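Residue numbers (this note's numbering): 5 to 495.
All C-beta atoms, glycine included, are put in the ideal place defined by N, C-alpha and C.
Just so we're clear, the structure is a prediction, and the values are computed from it rather than from any experiment.
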Amino acid sequence: MIRFHNTLSGKVEAFEPIEPGSVRLYTCGPTVYDFPHIGNWRAYIFEDLLKRFLLFSGYKVTHVMNLTDVDDKTIRGAGAKGVSLEEYTRPFIEAFKKDLETLNILPADHYPRATGHIQEMVDIIKVLLEKGFAYRKDGSIYFAIAKFPAYGRLSKVNLEDLRPGSRGDADEYEKESVHDFALWKAPKEGEPSWDEGIGPGRPGWHIECSAMSSKYLGRTFDIHCGGVDNIFPHHENEIAQSEAANGVKFVNFWLHCHHLVVDGEKMAKSKGNFYTLEDILAKGYDPREVRFLLLSTHYRKMLNFTFEALDQARAGRSRIRDFLVDLRGVKREGPPSPEVNGLIEAARSGFITGLGDDLNISESLAALFSLIEKANSLMAKSRISQADALSLISFVTEIDKKILMIEPTSVILRVDSAKIQGTAENVQIKVDVSSELDSAIQEKIDERQKARAEKNFKRADEIRKELLSQGILLEDTKDDVRWKKIVLPRT
Ligand code: AMP
Ligand code: ZN
């Protein structure tokens with residue numbers, strides 16, 4: 005059984021999708037007015053974990069993530085630069101998609117852009133006007149929250165202080181100032197404007213997600229996610245608009261991740277306390293280490309970002325890599341041992357039970373690391389056969405490929421062109437340390453070891469270069485040599 009914490013009820017509930025076997029998921033995407041920071045990536049990686057676990061559990065998942073390319077912030081940015089919204093948001097959308105791939109996040113089925121769905125927003129606003137949930141004022145159209153008694157159920161805002169008719173135009177505002185919010189904003193000098201039958205103007209932020217979610221997922225769907233900062237006013241307003249217009253429940257499960265903070269403060273562009281993914285990679289970290297860090301704290305806990313925590317994530321990932329590399333070295337013949345099978349089954353069940361319990365990744369990772377510890381101790385006593393080693397490798401690889409996607413045996417290195425012929429300078433290479441070597445290469449390595457032993461360093465160096473040009477990187481250790489297979493990156 006899978007259980008999730010539902011912000012709407014405030015409880016952990018058993019999850020059942022509307023349509024058996026298939027889940028419809030909407031996750032609020034980036035407002036593309038700047039480059040994403042790792043606080044945003046925390047939200048997207050939590051959503052990736054959720055989606056991967058649903059897929060792993062056998063569900064088909066239809067996932068929609070919007071791109072907010074028209075709102076107060078994008079308009080302000082484009083205006084300041086004197087360029088169109090399209091031109092202003094393009095590099096941020098490109099950077100977002102590139103980072104998404106770098107962090108091994110599964111792509112959504114649809115990335116609708118707000119500017120491509122104005123008609124759908126207008127259609128909802130028309131219904132809200134007809135049904136009396138919306139009213140016009142000074143060229144704008146507002147949602148009258150007093151007409152929607154369920155307002156506040158998600159965010160538990162206090163409606164007692166609500167002054168009748170108080171309203172605001174800003175897309176974001178504090179809980180203390182709960183008020184009627186703009187669905188459609190009157191045109192202003194220098195702002196983009198659309199005229200689709202309700203008077204000229206441009207949409208408010210909240211109506212965008214109501215329109216794009218129902219277009220791709222239907223009027224009622226299973227799961228809606230975001231960070232906790234989205235609960236109020238954004239998601240509260242989405243519920244009000246959608247349910248008032250459609251007369252049916254909007255979303256069954258609301259899942260929100262807690263913030264990534266720095267020194268106790270939410271990481272945010274407006275606070276200037278943020279790192280982009282690129283900032284961190286430039287310090288020599290691997291994107292999968294960043295992914296591991298963001299993934300390994302339970303999504304409803306605050307995550308305090310520090311470089312020490314990132315170093316711990318690196319160490320955890322290396323531990324899994326060392327385990328896989330050591331297993332590869334096991335050569336002992338023998339039948340599969342029931343003991344090792346038992347360990348794998350216990351780890352599998354612990355891993356799945358953890359995630360099924362409101363995505364309790366800590367429990368899942370504890371099951372994995374406990375397996376590693378026990379199997380390592382058997383390995384030290386030579387009680388692991390090659391068959392056992394293969395079963396262990398296949399289990400760890402399976403949960404990595406399907407869920408964690410931290411690719412422990414691959415390393416991205418920045419290597420300068422002098423080392424690899426025919427490639428650009430400081431190219432990033434992906435190195436796989438767990439695949440098998442063919443025998444011709446093994447012979448070359450042996451030949452080089454012999455040359456080194458005979459102090460024929462010239463020959464040893466020639467062989468090193470020759471192997472490098474064939475994609476094998478050698479690293480000399482005190483008594484031995486390690487090899488790594490190099491995969492050139494996609495360009
Ligand atoms: P935005 O681009 O500000 O609309 O945010 C995109 C997503 O990132 C939303 O789901 C936000 O809730 C989430 N988000 C923004 N800042 C943080 C943070 N510091 N920690 C976690 N999630 C965040
Ligand atoms: Zn949204």
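{"Query": "Taking C-alpha atoms, which residue in Thr401, Arg387, Gly208 and Ile397 lies nearest to Gly172?", "Result": "Gly208"}
{"Query": "Take Gly83 and list the residues in its own chain whose beta-carbon comes closer than 8 angstroms to its own, dropping the five residues that flank it on each side.", "Result": "Gly194 and Glu195"}
{"Query": "Compare the beta carbon distance of Ala118 and Val74 with 7 angstroms and say whether it is the shorter of the two.", "Result": "yes"}
{"Query": "Among Ala215, Arg80 and Met69, which one has its Cα closest to the Cα of Leu104?", "Result": "Met69"}
{"Query": "Closest by CA to Leu408, which one among Glu180, Tyr37, Leu372 and Asp480?", "Result": "Leu372"}
{"Query": "For Arg28, name the three-state secondary structure that DSSP assigns.", "Result": "strand"}
{"Query": "Between the Cα of Pro340 and those of Phe355, Leu396, Ser300 and Thr301, spot the shortest distance and give me the residue it belongs to.", "Result": "Leu396"}
{"Query": "How many angstroms separate the CA atom of Leu363 from the CA atom of Pro168?", "Result": "41 angstroms"}
{"Query": "Three or more C-beta pairs under 8 angstroms: does that hold for the region 87-101 against the region 27-43?", "Result": "yes"}
{"Query": "Compute the minimum distance between the beta carbon of Met383 and the heavy atoms of ligand 1, and state whether it is under 6 angstroms.", "Result": "no"}
{"Query": "By the three-class DSSP mapping on this structure, what secondary structure does Ala138 have?", "Result": "strand"}
{"Query": "Alpha carbon to alpha carbon, what distance is there between Glu466 and Ile424?", "Result": "Here the model assigns Ile424 a pLDDT of 48, short of 50, so the residue's position is not dependable and the matter cannot be decided."}
{"Query": "Please tell me whether, using a cut-off of 6 angstroms, the distance from the CB of His263 to the nearest non-hydrogen atom of ligand 1 is below it.", "Result": "yes"}
{"Query": "Using C-beta distances below 6 angstroms, list every residue in its chain close to Val334, excluding the 5 sequence neighbours before and after it, in chain order.", "Result": "Ile388, Gln390 and Ala393"}
{"Query": "Can you give the Cα-Cα distance for Arg94 and Val344, rounded to whole angstroms?", "Result": "52 angstroms"}
{"Query": "Report buried or exposed for Ile22, applying the criterion of at least 16 other Cβ atoms within 10 angstroms of its Cβ.", "Result": "exposed"}
{"Query": "Please determine, among Gly360, Lys385, Gly358 and Arg352, the residue with the shortest C-alpha to C-alpha distance to Leu375.", "Result": "Arg352"}
{"Query": "On the three-state DSSP scale, how would you describe Pro342?", "Result": "helix"}
{"Query": "Counting Cβ pairs closer than 8 angstroms, one from the region 298-312 and one from the region 262-273, do we hit at least three?", "Result": "yes"}
{"Query": "Quick one: is Gly230 buried, meaning 16 or more other Cβ sit within 10 Å of its Cβ, or exposed?", "Result": "buried"}
{"Query": "Looking at ligand 1, does it come within less than 6 angstroms of Asp3, judged from the CB to the closest heavy atom?", "Result": "Only positions 5 to 495 of the chain appear in this structure, which leaves residue 3 out of reach."}
{"Query": "Exposed or buried, which one is Phe461 when buried takes at least 16 other CB atoms within 10 Å?", "Result": "exposed"}
{"Query": "Would you call Asn162 buried or exposed, if buried means 16 or more other Cβ atoms sit within 10 Å of its Cβ?", "Result": "exposed"}
{"Query": "Reducing DSSP to helix, strand and coil, say where Asp75 ends up.", "Result": "coil"}
{"Query": "Jot down the residue ranges of each uninterrupted alpha helix (DSSP H) in the region 307-391, minimum 4 residues, whole runs only, in chain order.", "Result": "311-332, 342-360 and 365-384"}
{"Query": "With distance defined between alpha-carbon atoms, name the residue in Gly156, Arg318 and Val16 nearest to Pro412.", "Result": "Arg318"}
{"Query": "Classify Ala154: buried if its beta carbon has 16 or more other beta carbons within 10 angstroms, exposed otherwise.", "Result": "exposed"}
{"Query": "Could you tell me if the beta carbon of Pro116 falls within a distance shorter than 6 angstroms of some heavy atom in ligand 1?", "Result": "no"}
{"Query": "Relative to the C-alpha of Gln474, which residue among Lys454, Lys15, Lys448 and Glu240 is closest?", "Result": "Lys448"}
{"Query": "Determine the DSSP secondary structure at Gln208, reduced to helix, strand or coil.", "Result": "Note on residue identity: the sequence assigns Gly, not Gln, to residue 208. Coil."}
{"Query": "Whether or not the region 45-62 and the region 248-256 are in contact is what I'm after, with contact meaning three or more pairs of Cβ atoms, one per stretch, closer than 8 angstroms; do they touch?", "Result": "no"}
{"Query": "Need the endpoints of the beta strand (DSSP E) that Ile476 sits in, please.", "Result": "Ile476 to Asp480"}
{"Query": "Can you name the start and end residues of the beta strand (DSSP E) that Asp184 belongs to?", "Result": "Asp184 to Lys189"}
{"Query": "Sort Thr106, His114, Asp361 and Ile243 by Cα distance to Leu71 and report the nearest one.", "Result": "His114"}
{"Query": "Measuring CB to CB, does Tyr63 end up less than 7 angstroms from Val36?", "Result": "no"}
{"Query": "Leaving out the 5 sequence neighbours to the left and right, which residues in its chain are closer than 6 angstroms to Asn241 when beta-carbon positions are compared?", "Result": "Phe185 and His210"}
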